[in-house]
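Start counting the sequence shown at 1; every next residue gets the next number (full-length UniProt numbering). Think of the CB as a built atom: it goes at the ideal place given N, C-alpha and C, for glycine as much as any other residue. Predicted model, so just to flag it, every value in this text is computed and none were measured. Have a look at the structure below, then the notes.
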Amino acid sequence: MNTTWNAVGQGLRRGVIELRHVLGNAQDLGSNLIWLVGLLAPIYFLRDDQLAGSDLSVATFVLPSLLSMCVGFNGLLMLAQLLVVEREDGTLLRLKALPQGMLSYLIGKIVLISGMVLVAWVVVLGTGAVLVEGLQLGEARRWLTLLWVFPLGLLAMLPLGAVIGSLIESPRSIGLVMLPVLTLAALSGIFYPISGFPTWLQVVAQVFPLYWLGLAARSALLPDSALAAEIGGSWQHWETFAALGVWAVVGMLAAPVVLRLMARRESGSTMARRRDLALDRRPA
Numbered sequence: 001m002n003t004t005w006n007a008v009g010q011g012l013r014r015g016v017i018e019l020r021h022v023l024g025n026a027q028d029l030g031s032n033l034i035w036l037v038g039l040l041a042p043i044y045f046l047r048d049d050q051l052a053g054s055d056l057s058v059a060t061f062v063l064p065s066l067l068s069m070c071v072g073f074n075g076l077l078m079l080a081q082l083l084v085v086e087r088e089d090g091t092l093l094r095l096k097a098l099p100q101g102m103l104s105y106l107i108g109k110i111v112l113i114s115g116m117v118l119v120a121w122v123v124v125l126g127t128g129a130v131l132v133e134g135l136q137l138g139e140a141r142r143w144l145t146l147l148w149v150f151p152l153g154l155l156a157m158l159p160l161g162a163v164i165g166s167l168i169e170s171p172r173s174i175g176l177v178m179l180p181v182l183t184l185a186a187l188s189g190i191f192y193p194i195s196g197f198p199t200w201l202q203v204v205a206q207v208f209p210l211y212w213l214g215l216a217a218r219s220a221l222l223p224d225s226a227l228a229a230e231i232g233g234s235w236q237h238w239e240t241f242a243a244l245g246v247w248a249v250v251g252m253l254a255a256p257v258v259l260r261l262m263a264r265r266e267s268g269s270t271m272a273r274r275r276d277l278a279l280d281r282r283p284a
């Protein structure tokens, strides 16, 4: 038990140090936030388009959903990318020798990515307050919704990123994850209500945590008149809590196991083999 708590403490310290480094370095901070430009572009171009059957603009509907994309992109892609890169440079091999090293590593990354998502949320909400009308930013109960959705959503998405990162062999393959993530975003109603989708597609969308994240963010920031565009005309807070909770529990149980299995395969010889393959692929 002492070893476990030691690993938790080391992971928290590691995450805080890495977060300070990113926030204190303009180049690192910019590279981590540049993708927000692509996410926020639809807000500008759709701010005058009306959502069918609603008194809201399409941009007003989309902006809360972008908050869930911040969690999804960072939780899945950022963690997967960090895991692949740090496996290749030997970081994970060194942690393998430490008691509960993988647990410490995972906690550190959770702290780092949580901080980056919080920064991204500030940017998205600040942009929305300037460009978008109709957001309900003045009610305390809506901020309370965001307060429980934020950590629970991260706990649901981050283990998925850890599992995906453990399965990717090379940093050059990380781009292959982008297409499934963007497809999942479209399927989850990030850009348009899924109530207009075929019933079977609605069922598939509700299996994944990104749909519930988007729904919860919309419940926090949109007026109740927006319920007309949602399935069943309800914000489904209890269902959201249950769905994200299940993903979080299963993921947090599975991710350390997957990371330990991956670490067991790491050795000096496997690192040398990957390095030789990378050198062979370089153009002459």
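#1: Taking the runs of the alpha helix (DSSP H) that are 4 residues or longer, which of them lie wholly in the region 69-134?
#2: Relative to the C-alpha of Met78, which residue among Gln202, Ala186, Ala185 and Trp35 is closest?
#3: Measure the alpha-carbon distance for Leu261 versus Val71 and round it to whole angstroms.
#4: Is Ile17 buried or exposed, if buried means 16 or more other CB atoms sit within 10 Å of its CB?
#5: Around the C-beta of Met178, are 16 or more other C-beta atoms found within 10 angstroms, so that it is buried, or is it exposed?
#6: What's the C-alpha gap between Met116 and Ala205?
#7: Tell me which same chain residues have a C-beta within less than 7 Å of the C-beta of Gly108, skipping the five on either side of it?
#8: Quick check: the Cα distance between Tyr211 and Ser225, rounded to an integer number of angstroms?
#9: Taking only three categories from DSSP, how would you classify Gln136?
#10: Count the other C-beta atoms from every protein chain shown that fall within 10 angstroms of the C-beta of Val207, then say buried if there are 16 or more, exposed otherwise.
#11: Here's a check: name, in chain order, each residue in its chain whose Cβ is nearer than 6 Å to the Cβ of Tyr105, leaving out the five neighbours to either side.
#12: Residues in its own chain within less than 8 Å of Leu215 by CB, not counting five upstream and five downstream?
#13: Beta carbon of Ala156, beta carbon of Ala248: below 8 Å?
#14: Are the CB atoms of Leu63 and Val119 within a distance shorter than 8 Å?
#15: Just the C-alpha distance for Ala220 and Arg142, rounded to the nearest angstrom, thanks.
#16: By the three-class DSSP mapping on this structure, what secondary structure does Ser234 have?
#17: Tell me the rounded alpha-carbon separation between Trp121 and Leu146.
#18: In angstroms with no decimal places, state the Cα-to-Cα distance between Arg264 and Val58.
#19: List in chain order: all unbroken alpha helix (DSSP H) runs of 4+ residues lying wholly within the region 13-75.
#20: Could you check what DSSP says for Glu169 in three-state terms: helix, strand or coil?
#21: Quick one: measure Cβ to Cβ for Ala243 and Pro209, integer angstroms, because I've assumed they're closer than 8 Å.
#22: Hey, out of Gln136, Gly24, Ala162 and Pro151, whose CA is closest to Pro223's CA?
#23: Put Tyr192 into one of helix, strand or coil per three-state DSSP.
Here's the rundown:
#1: 79-88, 91-96 and 101-131
#2: Answer by Cα proximity: Trp35.
#3: 26 Å
#4: exposed
#5: exposed
#6: 26 Å
#7: Gly11, Arg14, Gly15 and Glu18
#8: 19 Å
#9: coil
#10: By the neighbour-count rule (16 or more Cβ atoms within 10 Å), Val207 is not buried but exposed.
#11: So the qualifying residues of the chain are Leu95.
#12: Gly189, Glu230, Trp235, Gln236 and Thr240
#13: yes
#14: Between Val119 and Leu63, the CB-CB gap reaches or exceeds 8 Å.
#15: 4 Å
#16: Per DSSP, reduced to three states, the secondary structure at Ser234 is coil, with no helix or strand assignment.
#17: 10 Å
#18: Rounded to the nearest angstrom, the gap between the Cα atoms of Arg264 and Val58 is 49 Å.
#19: 26-33, 35-45 and 58-72
#20: When secondary structure is reduced to three states using DSSP, Glu169 falls in the coil class, being assigned neither helix nor strand.
#21: 7 Å between Cβ atoms; contact.
#22: Gln136
#23: coil
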